[in-house]
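Structure first, then comments.
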Amino acid sequence: MTTNTFASRALRLIAATGVALTASASMSFADSAGEGLSEGSMIHARSGKEIYETVCQACHLAEGKGAVGAGYYPPLANNETLEEASYPIYVLLHGLKGMPAVGKMMDDEQIANVVGYIRTNFGNDYKEPVTAQDVADSRD
Ligand code: HEC
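Residue numbers (our numbering): 110 to 249.
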């Protein structure tokens with residue numbers, strides 16, 4: 110069934126993330142969960158679209174339509190919680206229940222890019238730009 114496919118894709122992503130963290134950031138992660146995490150980018154994608162497709166889409170699916178099955182992956186399409194950019198930034202930096210803090214694999218600019226992307230696609234029309242500085246400010 111497709112629901113199992115979503116779940117296993119999500120698990121593979123988490124496993125792959127674990128490998129990437131061990132390979133390139135074990136030093137940072139050995140630090141207390143704080144400054145050490147704030148800078149390194151562990152994914153190559155830079156544009157919001159590429160980051161969405163390589164990181165977020167595994168759970169939130171193409172076009173941000175989300176999935177309900179083995180787990181609940183909320184749609185990002187037409188999602189009013191994206192109106193305040195600080196909310197998706199917070200979710201990426203800190204995680205939210207079933208969602209890992211995938212922003213820890215990204216630098217400020219990558220987070221700004223992907224947040225800008227989801228806020229201006231999939232039926233969302235929140236045009237104020239999101240900057241790396243906005244992300245840096247919410248890391249405090
Ligand atoms: C491993 C799966 C997974 C990945 C990868 C993932 N998410 Fe999520 N995300 C979730 C789940 C599960 C929730 C719902 C958490 C809850 O409320 O229980 C969620 C919630 C969210 C929310 C809050 C939505 C709302 O309506 O409150 C946002 C925003 C979000 N994710 C954005 C992203 C972005 C952007 C990416 C990629 C950079 C991403 N997510 C990657 C699983 C994931």
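Glycine included, C-beta positions come from ideal geometry on N, C-alpha and C.
Everything numeric in this text was worked out from a predicted model, so none of it was measured.
Rounded to the nearest angstrom, the gap between the Cα atoms of Val177 and Arg248 is 30 Å. With a threshold of 6 Å, the Cβ atom of Ala194 does not count as near ligand 1, since no heavy atom of the ligand is closer than that.
Ligand 1 approaches Val211 closely enough that one of its heavy atoms is under 6 Å from the residue's Cβ. The C-beta distance from Ile227 to Pro197 rounds to 7 Å, short enough to meet the 8 Å contact threshold. Of the heavy atoms belonging to ligand 1, none sits nearer than 6 Å to the Cβ of Pro238. Between the segment 230-237 and the segment 202-217 there are fewer than three inter-stretch CB-CB distances shorter than 8 Å, so the stretches are not counted as touching.
Within the chosen limit of 6 Å, ligand 1 reaches the beta carbon of Thr190 through at least one heavy atom. Assignment of beta-bridge partners to Tyr182 by DSSP yields Ala176. Relative to ligand 1, the beta carbon of Tyr182 is positioned inside 6 Å of a heavy atom. Distances between the C-beta of Met208 and the heavy atoms of ligand 1 include at least one below 6 Å. Taking C-alpha positions only, Gly173 is separated from His203 by approximately 20 Å. Looking at the DSSP output, Met214 sits in no beta bridge, so it has no partner there.
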